[in-house]
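First to last, the protein sequences are chains A, B, C, D, E and F.
Per my numbering, the first sequence starts with residue 1426, numbered consecutively.
Per my numbering, the second sequence starts with residue 1426, numbered consecutively.
Per my numbering, the third sequence starts with residue 1426, numbered consecutively.
Per my numbering, the fourth sequence starts with residue 1426, numbered consecutively.
Per my numbering, the fifth sequence starts with residue 1426, numbered consecutively.
Per my numbering, the sixth sequence starts with residue 1426, numbered consecutively.
Glycine residues also receive a C-beta, built at the ideal position from the N, C-alpha and C atoms.
For clarity, every value in this text was computed on a predicted model and none was experimentally measured.
Worksheet: the structure to be examined is printed underneath.
Protein chains: 6
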Amino acid sequence: MGNTRYEIGFEQLSQIDGEAGHKVIESLKEVCPDLAKFTIEYPFGDIYSRSGLDLKSREITTVAALTALGNCQPQLKVHLHAALNVGCTEEEIKEVVLQMSVYAGFPAALNGMYAVKDVLEERRTG
Amino acid sequence: MGNTRYEIGFEQLSQIDGEAGHKVIESLKEVCPDLAKFTIEYPFGDIYSRSGLDLKSREITTVAALTALGNCQPQLKVHLHAALNVGCTEEEIKEVVLQMSVYAGFPAALNGMYAVKDVLEERRTG
Amino acid sequence: MGNTRYEIGFEQLSQIDGEAGHKVIESLKEVCPDLAKFTIEYPFGDIYSRSGLDLKSREITTVAALTALGNCQPQLKVHLHAALNVGCTEEEIKEVVLQMSVYAGFPAALNGMYAVKDVLEERRTG
Amino acid sequence: MGNTRYEIGFEQLSQIDGEAGHKVIESLKEVCPDLAKFTIEYPFGDIYSRSGLDLKSREITTVAALTALGNCQPQLKVHLHAALNVGCTEEEIKEVVLQMSVYAGFPAALNGMYAVKDVLEERRTG
Amino acid sequence: MGNTRYEIGFEQLSQIDGEAGHKVIESLKEVCPDLAKFTIEYPFGDIYSRSGLDLKSREITTVAALTALGNCQPQLKVHLHAALNVGCTEEEIKEVVLQMSVYAGFPAALNGMYAVKDVLEERRTG
Amino acid sequence: MGNTRYEIGFEQLSQIDGEAGHKVIESLKEVCPDLAKFTIEYPFGDIYSRSGLDLKSREITTVAALTALGNCQPQLKVHLHAALNVGCTEEEIKEVVLQMSVYAGFPAALNGMYAVKDVLEERRTG
């Protein structure tokens, strides 16, 4: 493993998001490579790599936030895959999304659950 | 333990939020007792009582969502207490709030961290 | 009419949203039937069935909120149909959406009005 | 009644919000009188004065939106007064706020209900 | 140039948004012509026509807000075109969107940057 | 000037926000020094220090976003001071906030303008 923030972040991104993470980075290459660089360095190099909270809880945290905010479905899908990749069960991520009905309302929970549905189908047919 | 939704919810609320939860319910008694009743029945009776996700992960979920939404500081404080009550460490809740800088921006994370600061002080001076 | 919360809610949902409501429930059957159950029980069984506010005002309330939040277009469309089903005129729902330009800004009002446009076309060609 | 947009708006504002509305305008006099002018002309002169939706439904619309958005408590209080001024019953506005638990989550509904509580106390103690 | 608010606004809209602005107005003609009229009169007739802030800074303001809010992609694209039309460089608008990673989080910045990418492609293939 | 990200960021923060910026960092020292460190490194070291957009436009960008989001008044006040510190006129920042009435609604613009009022008073009474 490398030891610049970029190298640490790229390792983390690869481990957590796999192909989906690389696609995000790729999609920014032409329009704004620095946003790709910062996305690797700050979220993955600085934050996800920290001790103090295990990766599974980090992905629960992210799925909860993105479901509640409700305006970033593509990123929610990436992190639903990530949550499953780092050891969350299908049941656990459904519970996280379901619980958002309490804090962000039923429409946010419904749209989050449709994202879960899409992600589970992608993984089955994938 | 009782077995109506209200009784199950009240048990959960008492276990998770203790005095702070009872104060929320009390504050609604006069203006809208049905909102108090529904707050016990749906979030606590129906959701928090479910298996499939442990209580610690449920509180991480809620702290993440409330920090990201950023417009419900009183409820965030109640759930920071709750998170600590059900076994989250101080370090873990700080990591959850810190991680929100990635998904909801630095102001949301800063305001969330000020809530953590207040809650930790309340518990020390108790 | 039944008298469990589920039965009361299902009646309400059928009366208000008709086919569209059933489709929402159907879409959740496989991924998370409990979210379907809770959506019937809490919003429709507990809330829409209450006296104190007539159904027409309830749908105005919901159309206003979903237009203002701006991140749940599918649910907005369901409730625009619902509003028309329970007696709102086309003019009234347009006024509700138009008024959101004041409270949530012109983009929210524009996107809400495009949803109105789609819903009215669906009903004409439907 | 005058017939410029400003005059029509000022009449509407006075009728709906009374003293509270004038205070909002007064508070902007020094820092940005044009925002005061636009607030009278567009929301009140252009929108509230329209036919097509009665004033009571307009205030229900606004209370719903401001409760759901959750980041503008002072304006919510002004419009809770306004809703009561134009004929909503206490029960009706409580139902509107309660219903927001479904669409924007329980914290938004709780904070909205605390605003209702404050407003009702203000009106009782005068 | 005319001198009613509508005429001033229509001039501004044409100068800033060109064809894209006219399409927005056209799209509302049938469903709610008054929203089209208000969109010309208030945002463009009253606000964009003001002195005190140059047009380039006004478009930077709007691109920042729409990227941060994250729930109005069609309007963001219109204003990315507008920003380029009134003299922002490609680099400047990318910096504005990139900076939103700090205030609204990385998903908002990513989705904003995808809108930039689409708009730049539209202008190249024109 | 130093050349680590922290040193570059601390220089930027000092230049832009002066005392107010240092207070934010100080307030985090005990509860989460790493959030203070990241706030210096990413927003100020990585973003504000970039070429491609002048500092004045960067602060206009931030004031617009924070007014529109509407849930981070303390940070808005810090950046209203910052905007004035880097060369925005009072008139320009009022125009930015006023323009938010179009994109985020009148309550957001009103609350933003109250923050402007407070900041201008702070600077006068100093």
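CA-to-CA distance, R1483(C) to G1434(E), given in whole angstroms: Here residue 1434(E) refers to the residue found at position 9 of the fifth sequence. Here residue 1483(C) refers to the residue found at position 58 of the third sequence. Rounded to the nearest angstrom, the two C-alpha atoms are 36 angstroms apart.
Below-9 angstroms beta-carbon distance, Y1539(B) vs any chain F residue: Position 114 of the second sequence, counted from the start, is the residue given in the question as residue 1539(B). Chain F, which has a Cβ nearer than 9 angstroms to the Cβ of Y1539(B), makes this yes.
Delimiting residues of the alpha helix (DSSP H) encompassing H1540(C): Position 115 of the third sequence, counting from 1, holds the residue named residue 1540(C). Strictly speaking, residue 1540(C) in this sequence is Ala, with His absent from that position. From DSSP, the alpha helix (DSSP H) with A1540(C) extends over F1531 to T1550.
Cβ separation of F1469(C) and Q1498(C), assumed to be a contact under 8 angstroms, to the nearest whole Å: By one-based count along the third sequence, residue 1469(C) stands at place 44. By one-based count along the third sequence, residue 1498(C) stands at place 73. Cβ atoms of F1469(C) and Q1498(C) stay farther apart than 8 angstroms, at about 21 angstroms.
Chain C within 9 angstroms of V1522(F), Cβ atoms only: As a first step, residue 1522(F) is located in the sixth sequence; it is residue number 97 there, counting from the start. Judged by the 9 angstroms Cβ criterion, V1522(F) is not in contact with chain C.
Contacting residues, own chain, Cβ-Cβ under 8 angstroms from V1503(F) (five flanking each side not counted): If you number the sixth sequence from 1, residue 1503(F) lands on position 78. Within the same chain, V1503(F) has close Cβ partners D1442, A1445, G1446 and V1449.
Neighbouring residues, chain B, relative to G1530(E) (Cβ below 7 angstroms): To locate residue 1530(E), count along the fifth sequence from 1; it is residue 105. Taking a Cβ-Cβ cut-off of 7 angstroms, the neighbours of G1530(E) in chain B comprise V1527, Y1528, A1529 and G1530, given in sequence order.
Sequence-distant residues of its chain with Cβ nearer than 8 angstroms to K1519(E) (five each side left out): Counted from its first residue, the fifth sequence places residue 1519(E) at position 94. The residues are M1538 and V1541.
Meets three-Cβ-pair contact criterion under 8 angstroms: the region 1457-1477 of chain E and the region 1523-1530 of chain F: The answer is yes - the region 1523-1530 of chain F touches the region 1457-1477 of chain E, with three or more Cβ pairs under 8 angstroms.
Partners in chain E for T1464(A), counting only beta-carbon separations shorter than 9 angstroms: As a position in the first sequence, residue 1464(A) is number 39, starting the count at 1. Neighbours of T1464(A) across chain E, judged by C-beta separation under 9 angstroms: S1526, F1531, A1534 and L1535.
C-alpha gap between F1463(A) and L1505(C), whole angstroms: Numbered from 1 along the first sequence, position 38 holds the residue referred to as residue 1463(A). Numbered from 1 along the third sequence, position 80 holds the residue referred to as residue 1505(C). Spanning the two alpha carbons is a distance of roughly 41 angstroms.
Beta-carbon contacts of K1481(D) that lie in its chain and below 8 angstroms, excluding the five residues immediately before and after: Position 56 of the fourth sequence, counted from the first residue, corresponds to residue 1481(D). Excluding positions up to five away in sequence, the list reads A1508, V1511, G1512 and C1513.
Environment of L1496(B) [buried if 16+ CB atoms lie within 10 Å]: Locating residue 1496(B) in the second sequence gives position 71, counting from the first residue. At residue 1496(B) the sequence reads Asn, which differs from the Leu that was named. Counting Cβ neighbours within 10 Å, N1496(B) comes out buried, since at least 16 surround it.
Proximity below 9 angstroms, CB of A1534(A) to CB of A1493(B): Residue 1534(A) sits at position 109 when you count from the first residue of the first sequence. Residue 1493(B) sits at position 68 when you count from the first residue of the second sequence. Using a Cβ distance threshold of 9 angstroms, A1534(A) and A1493(B) do not count as a contacting pair.
A1478(A) - DSSP class collapsed to helix/strand/coil: Working through the first sequence from its first residue, we reach residue 1478(A) at position 53. Looking at the sequence itself, residue 1478(A) is Leu, so the reference to Ala does not match. Three-state DSSP puts L1478(A) in coil, outside helix and strand.
Best match in E1516(D), R1430(D) and V1456(D) for proximity to E1546(F) [C-alpha to C-alpha]: Stepping through the sixth sequence from its first residue, residue 1546(F) is reached at position 121. Shortest Cα-Cα distance from E1546(F) to any of E1516(D), R1430(D) and V1456(D) involves V1456(D).
Nonlocal neighbours in the same chain, by C-beta distance under 6 angstroms from V1521(A), ignoring five residues either side: Counted from its first residue, the first sequence places residue 1521(A) at position 96. The residues are I1485, V1488 and A1489.
As assigned by DSSP and simplified to three states, the class of V1503(B): Against the second sequence, residue 1503(B) aligns to sequence position 78. Here DSSP, grouped into helix, strand and coil, assigns V1503(B) to helix.
Cβ pair L1478(B), L1491(B) closer than 9 angstroms: Working through the second sequence from its first residue, we reach residue 1478(B) at position 53. Working through the second sequence from its first residue, we reach residue 1491(B) at position 66. Remark: C-beta atoms of L1478(B) and L1491(B) do not approach each other more closely than 9 angstroms.
Residue-level contact to chain A via CB, E1547(C), 9 angstroms cutoff: Reading the third sequence from its first residue, position 122 is the one you call residue 1547(C). Judged by the 9 angstroms Cβ criterion, E1547(C) is not in contact with chain A.
Any C-beta of chain F under 9 angstroms from that of D1471(A): As a first step, residue 1471(A) must be located in the first sequence, where it is residue number 46. Yes, because at least one Cβ of chain F sits closer than 9 angstroms to the Cβ of D1471(A).
Sequence-distant residues of the same chain with beta carbon closer than 8 angstroms to L1460(E), five excluded per side: By 1-based counting over the fifth sequence, the position of residue 1460(E) is 35. Within the same chain, L1460(E) has close Cβ partners L1453.
Cutoff 8 angstroms; reference G1427(F); Cβ partners in own chain excluding five residues on either side: Numbered from 1 along the sixth sequence, position 2 holds the residue referred to as residue 1427(F). Once the five neighbours on either side are set aside, the close Cβ partners of G1427(F) are I1433, F1435 and E1436.
Alpha-carbon spacing of Y1431(B) relative to V1544(A), whole angstroms: Along the second sequence, read from residue 1 onward, the residue named residue 1431(B) stands at position 6. Along the first sequence, read from residue 1 onward, the residue named residue 1544(A) stands at position 119. Put simply, the backbone Cα of Y1431(B) is about 35 angstroms away from that of V1544(A).
Short CB-CB distance (under 9 angstroms) between K1542(B) and chain F: Within the second sequence, residue 1542(B) is the residue found at index 117, counting from 1. For K1542(B), the answer is yes, since a Cβ of chain F falls inside 9 angstroms of its Cβ.
G1495(E) - DSSP class collapsed to helix/strand/coil: Here residue 1495(E) refers to the residue found at position 70 when the fifth sequence is read from its first residue. In the three-state scheme derived from DSSP, where H, G and I count as helix and E and B as strand, G1495(E) is classed as coil.
Identity of the residue in P1532(F), N1536(F) and Y1473(F) nearest E1517(E) by Cα: Position 92 of the fifth sequence, counted from the start, is the residue given in the question as residue 1517(E). In this structure, Y1473(F) is the residue among P1532(F), N1536(F) and Y1473(F) with its C-alpha nearest to the C-alpha of E1517(E).
Status (buried if at least 16 other CB within 10 Å, exposed otherwise) for P1458(D): As a working note, residue 1458(D) is residue 33 in the fourth sequence. By the 10 Å Cβ count, P1458(D) comes out exposed.
F1531(A) to G1551(B) span [Cα, whole Å]: Position 106 of the first sequence holds residue 1531(A). Position 126 of the second sequence holds residue 1551(B). Answer to the nearest angstrom: the Cα atoms are 36 angstroms apart.
Minimum Cβ-Cβ distance from Y1467(D) to chain E less than 9 angstroms: Position 42 of the fourth sequence, counting from 1, holds the residue named residue 1467(D). Yes, contact with chain E.
Beta-carbon proximity of R1548(B) to L1523(A), cut-off 9 angstroms: Translated into the one-based positions of the second sequence, residue 1548(B) becomes position 123. Translated into the one-based positions of the first sequence, residue 1523(A) becomes position 98. No.
Alpha carbon of S1439(D) to alpha carbon of T1429(D), nearest angstrom: By 1-based counting over the fourth sequence, the position of residue 1439(D) is 14. By 1-based counting over the fourth sequence, the position of residue 1429(D) is 4. Rounded to the nearest angstrom, the gap between the Cα atoms of S1439(D) and T1429(D) is 15 angstroms.
Contact list for I1485(F) against chain E, beta-carbon separation under 7 angstroms: For this step, residue 1485(F) is matched to residue 60 along the sixth sequence. Here the neighbours are S1482, I1485 and T1486.
G1551(F): contacting residues in chain D (beta-carbon distance under 8 angstroms): Walking along the sixth sequence from the start, residue 1551(F) turns up at place 126. Around G1551(F), no beta-carbon contact reaches into chain D at under 8 angstroms, the shortest distance being about 18 angstroms.
Residue span of the alpha helix (DSSP H) that contains E1444(E), given as start and end: Counting from 1 along the fifth sequence, the entry for residue 1444(E) is found at position 19. R1430 to L1453 is the span of the alpha helix (DSSP H), which, as asked, contains E1444(E).
Per-residue contacts from L1460(B) into chain D (C-beta, under 9 angstroms): For the purposes of this step, residue 1460(B) is taken as the residue at position 35 of the second sequence. Chain D residues near L1460(B): K1519, V1522, L1523, S1526, F1531, A1534, L1535 and M1538.
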